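**Q** First residue of the sequence shown: 1, per the working numbering; consecutive thereafter. Here a beta-carbon is modelled for each residue, glycine too, at the ideal position from N, C-alpha and C. Source: prediction; values computed, not measured.
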Amino acid sequence: MANLEKQWFVMRDLKRRNSNVLAIHELTKAGLEVFSPMTQMIMTIGGRRQRREVPVIQDLLFVHEAKNNLDSFVEKNPTLQYRYLRGRTKDEPMTVRKDEMDKFIFAVNNVKTINYYKPGELTAAMYGKKVRIVGGILDRYEGRLLSIKGMRKRRLIVELSGFVTAAVEVEPDFIQFIQ
Numbered sequence: 001m002a003n004l005e006k007q008w009f010v011m012r013d014l015k016r017r018n019s020n021v022l023a024i025h026e027l028t029k030a031g032l033e034v035f036s037p038m039t040q041m042i043m044t045i046g047g048r049r050q051r052r053e054v055p056v057i058q059d060l061l062f063v064h065e066a067k068n069n070l071d072s073f074v075e076k077n078p079t080l081q082y083r084y085l086r087g088r089t090k091d092e093p094m095t096v097r098k099d100e101m102d103k104f105i106f107a108v109n110n111v112k113t114i115n116y117y118k119p120g121e122l123t124a125a126m127y128g129k130k131v132r133i134v135g136g137i138l139d140r141y142e143g144r145l146l147s148i149k150g151m152r153k154r155r156l157i158v159e160l161s162g163f164v165t166a167a168v169e170v171e172p173d174f175i176q177f178i179q
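1. Would phenylalanine 104 and leucine 146 be called neighbours here (beta carbons separated by less than 7 Å)?
2. Could you tell me which of Glu121, Gly135 and Met41 sits nearest to isoleucine 175, measuring between CA atoms?
3. Any idea what DSSP makes of alanine 30, helix, strand or coil?
4. Let's see if you can read the secondary structure: which residues bound the alpha helix (DSSP H) around valine 74?
5. Enumerate in chain order the residues of its own chain whose CB-to-CB distance from asparagine 115 is below 6 Å, with the five nearest sequence positions on each side excluded.
6. Starting from the C-beta of glutamine 40, find all residues in its chain whose C-beta is less than 7 Å away, skip the five residues before and the five after it, and write them out in chain order.
7. Can you name the start and end residues of the beta strand (DSSP E) that lysine 130 belongs to?
8. In whole angstroms, give me the CA-to-CA distance for isoleucine 42 and valine 56.
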């Protein structure tokens, strides 16, 4: 792995969810491309209820940067860490392929209704038929439909394997079933 090449690194932010400044905010302010799936949550802060945008998975964030540039932020910030695969060396942090990450970010940012799932929450039975989206915002996306008994809306599963899964709502008119 080249240290000068930009990649999507999987990081951990050990700060609490109700912290005033999360690592995602610090890295964004520093001009880095950062992504973390976010959700709205109502929190009580100083005796007042406030709506805040917080990460879906508390310590998960993705940073698109060259490793040698990112190392300086990790050294300065003790609560920011690389994620590593078990059994690998410390020189090989976890990464996500650029095309997979871009596809996930595009789907999540351009669809109104999103349900997020942590690893292990979706069972094999919940993965429905294979489909291709033809037309609309998610044109040419391929994947499986989310299959939950009693669910009327169609949701396409878009995932970053092992990290987070999103089920995004799609119009039935754009769905083409694949054998």
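**A** Straight from the coordinates:
1. No, these two residues do not count as a Cβ contact at 7 Å.
2. Closest in C-alpha terms to isoleucine 175, from the list Glu121, Gly135 and Met41, comes Gly135.
3. It is coil, neither helix nor strand.
4. For valine 74, the enclosing alpha helix (DSSP H) has its first and last residue at 67 to 76.
5. So the list reads Ala167, once near-sequence residues are dropped.
6. Result list for glutamine 40: Arg51 and Glu53, in chain order.
7. Looking at the DSSP string, the run of the beta strand (DSSP E) that includes lysine 130 is 127 to 133.
8. Spanning the alpha carbons of isoleucine 42 and valine 56 requires a straight line of approximately 13 Å.
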